[in-house]
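Student: Residue 1211 is where the sequence shown starts when you use my numbering, and the numbers rise one by one after that.
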Amino acid sequence: MPYTRTVRIDMPHSEAIEVVRKAFADQGFGVITEIDMSATLEAKIGAQMEPYVILGACNPQLAHRAVQVDSSIGALLPCNVVVRTEGGETIVDALDPAVMSQMSDDPALGEVAEEAGRRIDAALQTLRDQSA
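(1) Beta-carbon within less than 7 Å of A1252's beta-carbon, same chain only, minus the 5 sequence neighbours each way: which residues are those?
(2) Per DSSP, what kind of secondary structure is L1251 in: helix, strand or coil?
(3) If I measure Cβ to Cβ from E1296 and keep anything under 6 Å in the same chain, skipping five residues before and after, which residues do I get?
(4) Between T1336 and H1274, what straight-line distance do the alpha-carbon atoms span, to the nearest angstrom?
(5) Around the Cβ of D1306, are there at least 16 other Cβ atoms within 10 angstroms (buried) or fewer (exposed)?
(6) Using a Cβ-Cβ cutoff of less than 7 Å, which residues in the same chain neighbour V1277 once the five nearest sequence positions on both sides are dropped?
(7) Quickly, what does DSSP pair T1295 with across the bridge? List them, please.
(8) Span of the alpha helix (DSSP H) holding A1308?
(9) Nearest-angstrom Cα distance between V1217 and V1292?
Have a look at this one:
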């Protein structure tokens, strides 16, 4: 089963990060963490790789609802969004919230995941539209 929702966009990686931040902000997600994997791996182990940044996106209302249903679900939060370059192409991968709902049998968590999924899909559609 795929665990991400993915879109390929026609813009440079550095520009894409800001566009991704805005698209997710428009859907109620704030970026609370940013990890530059390519810079970190180069600094720590000397590994070279194409640009790869992980944005930890959080919608506070949805996160609160999820944690109220299952307090351990926080281990899967925030929703990670990866902005990476592969073969010169910029790719955005967002964690599919359905993964979160599969960790619990509580239907309330499924409802949170569905809403998060709709918002993530809307953000990704914005990116597709801007890239077209």
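Where is the CB? At the ideal position from N, CA and C, for every residue including glycine.
Values in this document were obtained by computation on a predicted structure and should not be read as measured data.
Tutor: Checking against the coordinates, here is how it stands:
(1) One point to set straight first is that residue 1252 is Glu, not Ala, in the sequence displayed. The residues are Q1258.
(2) helix
(3) none
(4) 25 Å
(5) buried
(6) I1283, G1284
(7) T1300
(8) 1308-1311
(9) 11 Å
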